[in-house]
Structures are given as structure tokens and as C-alpha cells.
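Per our numbering, the sequence shown starts with residue 4, numbered consecutively.
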Amino acid sequence: MPTKHLFYPQPRLPIWSQYLLWACLLMVSFAIDSQLNSKVAGLFFLTCLIIGLAIKHYVYGQKLGFTLTETHFQQHLYKGGWVLRWHNIKRIDTLDYSIQGWTTSIPWIGIELKDYQAFISTISPKVITQILLHQRSLLFLGLKQHGRQHELEDHIINDKPFLYSDGSDVKGLKAMLANRMKIQKQLWGYDLFISESDIITSKEEFVGLARRYLAASHSGANI
């Protein structure tokens, strides 16, 4: 199976324009220094630097992409990412939202896992925090479709120790993620989710591609 990368194109400024921006910033800072004082110039320079870093974080930190290989499936995020071995994935599909007999497709993809521990043990605290925040709306929708909205506060920050299938337990952020995955499994039938806004194809195309890799990983076939 060939490795496939599905990345959003990242905007890039030509190197000359970056130097030009720095030169303009320094010139304005020197002008302020000569007209007012060095403290004001320093404050201006520092403010522009902070704003520039914030813009860079926003532009480059929202979406990066996915990698699919023979052995694993990986999401790349600005603060890290997560990796799933194909043998740890039970199924992957699009999500439907149902309430009062009415069903509609929603822009999410669900992944059902076989083993939480193998997945959670590899994730950094920053990525766990991002997953928990990013999927809050899905938790609310899941509770709503089952008439359990009143339970939202119980599950939004559930840091009770989580017991793995081998008898070991986990605490802190990893326990919060495990507990969130457990309640999402009850509500949706899946443990981990990908927003359609995070992928460069439609969710149906992405699911079809992932399923082909998943099937090939079990059969040893090549695509």
C-alpha cells in the first residue's frame, strides 16, 4: 500500500516579503523612538511581534492533515497529532443525527476502536486537550438525540480514573479522554471523531479511502 498524504496547502510568504515586513517594522519602531521615546518604540515592536505570532499560530495551527500508510492512520495537528494502527480500528463511517424520527447527515466521521490503551498511551496532553475541546459540540448533540442534555456537565469534564481492560488504570487528562470516548461510544457507536472541516475531500470520499486501507491491512493486499 502506498503512503498517502492528505494535507491542506499551507500559505507561504515569499522570503523577500518577510524581510520587507521586518524592515518596515524596524523603521516604524525607530521613527517612534526618535519622535517619542524608546519605551513606546519597544512597546510597539513587542505588540507587533505578539500579533504576528498570534496570526501565525492561527493560520498554521488550525488544520494540517492526515497520513495513511500500510500500518497506520495518523492525524497531524499543530501541537502534535495522534496515530492509530489499522489493527486497532474496528470500523469507520460517517455520522447521522437522529431526533424525533428525523435523520440527517452531520459533518463528522466516526472511528470505533478495539483498544483504548494502545491509542491513548501515545497522545500528548496538548493533543488530548485539543480533542476534548474540539468534540464538545458532538457530545452535546449525542446527548440531545438521546434526551440526556441534563448530563452534559457530568461528561464535559469527567476526570474519574478509567480502568483499562488489562486491569490498569489511568488518571488525569488521559482518564478524561477515555471517559469521553466511552460516553461517545454509548451515544454514537464510535470512540474517536474527525470533523469534515479537517479533511480536504468530502467525508464520504475520505471514509471510502480509509476503508480500503483498513481492508488491505487485514488482507495484505496492495492498492
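Note that CB positions come from ideal geometry on N, CA and C, so glycine has one too.
Because the structure is a prediction, the values reported are computed rather than measured.
For this session: Could you pull the start and end residues of the beta strand (DSSP E) that Glu156 belongs to?
Result: Position 153 of the sequence shown, counted from the start, is the residue given in the question as residue 156. Element bounds for Glu156: not the beta strand (DSSP E) but the alpha helix (DSSP H), Leu155 to Ile159.
Problem set entry | Residues that Trp105 bridges to, as DSSP identifies them | Counted from its first residue, the sequence shown places residue 105 at position 102. Answer by DSSP bridge pairing, in chain order: Ile102.
For this session: Count the other C-beta atoms from every protein chain shown that fall within 10 angstroms of the C-beta of Tyr11, then say buried if there are 16 or more, exposed otherwise.
Result: Sequence index remark: in the sequence shown, residue 11 carries index 8 (1-based). Looking at its Cβ environment, which holds fewer than 16 other Cβ atoms inside 10 Å, Tyr11 is exposed.
Problem set entry | Residue range of the alpha helix (DSSP H) that includes Ser222 | Locating residue 222 in the sequence shown gives position 219, counting from the first residue. For Ser222, the uninterrupted alpha helix (DSSP H) segment begins and ends at Lys206 to Ser222.
For this session: Evaluate the contact criterion for the segment 196–213 versus the segment 151–164: three or more CB pairs, one atom per stretch, below 8 Å.
Result: no
For this session: Pick helix, strand or coil for Ser198, following the three-state DSSP scheme.
Result: By one-based count along the sequence shown, residue 198 stands at place 195. Reduced to three states, the DSSP call for Ser198 is strand.
For this session: Flag this pair as yes or no: are the beta carbons of Glu115 and Met4 separated by less than 8 Å?
Result: Against the sequence shown, residue 115 aligns to sequence position 112. Against the sequence shown, residue 4 aligns to sequence position 1. Going by C-beta atoms, Glu115 is not nearer than 8 Å to Met4.
Problem set entry | Beta-carbon proximity list for Phe48, same chain, < 6 Å, skipping 5 on both sides | In the sequence shown, counting from the first residue as 1, residue 48 sits at position 45. Counting only Cβ-Cβ distances below 6 Å, and skipping sequence neighbours, we find Ser32.
For this session: Could you pull the start and end residues of the alpha helix (DSSP H) that Gly175 belongs to?
Result: For the purposes of this step, residue 175 is taken as residue 172 along the sequence shown, with counting starting at 1. First-last of the alpha helix (DSSP H) with Gly175: Gly175 to Trp191.
For this session: State whether the segment 98–107 contacts the segment 126–135, with contact taken as three or more CB pairs (one from each stretch) at a distance under 8 Å.
Result: no
Exercise. Are Met179 and Leu135 touching if we call contact CB-CB under 8 Å?
Worked result: One-based indexing of the sequence shown puts residue 179 at position 176. One-based indexing of the sequence shown puts residue 135 at position 132. Result yes, Cβ atoms of Met179 and Leu135 sit closer than 8 Å.
For this session: Please classify Arg151: does DSSP put it in a helix, a strand, or coil?
Result: Your numbering for residue 151 matches position 148 in the sequence shown. Three-state result, Arg151: coil.
Exercise. Can you tell me whether Ala213 is buried or exposed, with buried defined as 16 or more other CB within 10 angstroms of its CB?
Worked result: Translated into the one-based positions of the sequence shown, residue 213 becomes position 210. Flag for Ala213 reads buried.
For this session: Run the CB neighbour count on Ser222, radius 10 Å, all protein chains shown included, and call it buried at 16 or more, exposed below.
Result: As a working mapping, residue 222 is identified with position 219 in the sequence shown. So Ser222 ends up on the exposed side.
For this session: Tell me where the beta strand (DSSP E) around Leu9 begins and ends.
Result: The residue labelled residue 9 in the question sits at position 6 within the sequence shown. Here the beta strand (DSSP E) through Leu9 covers Lys7 to Phe10.
For this session: Please report how far the alpha carbon of Ile226 lies from the alpha carbon of Thr6, in whole angstroms.
Result: Working through the sequence shown from its first residue, we reach residue 226 at position 223. Working through the sequence shown from its first residue, we reach residue 6 at position 3. For Ile226, the predicted model reports a pLDDT of 48, less than 50, meaning its position is unreliable; a value from the coordinates is still stated below. One C-alpha to the other measures close to 10 Å.
Problem set entry | Per DSSP, the bridge partner or partners of Thr97 | Here residue 97 is taken as the residue at index 94 of the sequence shown, counted from 1. Beta-bridge pairing links Thr97 to Ile112.
Exercise. For His137 versus Gly68, is the C-beta spacing smaller than 8 Å?
Worked result: Here residue 137 is taken as the residue at index 134 of the sequence shown, counted from 1. Here residue 68 is taken as the residue at index 65 of the sequence shown, counted from 1. It is not a contact, given that the beta carbons lie outside the stated cut-off.
Exercise. From what residue to what residue does the alpha helix (DSSP H) around Thr132 run?
Worked result: By one-based count along the sequence shown, residue 132 stands at place 129. Segment Pro128 to His137, the alpha helix (DSSP H) holding Thr132.
Exercise. Apart from the five residues just before and just after His79, which ones in its own chain have a Cβ nearer than 6 Å to its Cβ?
Worked result: For the purposes of this step, residue 79 is taken as the residue at position 76 of the sequence shown. Closer than 6 Å at Cβ, skipping near neighbours: Leu67 and Gly68.
For this session: Take every Cβ of the segment 78–93, pair it with every Cβ of the segment 137–150, and state whether three or more of those distances are shorter than 8 Å.
Result: no
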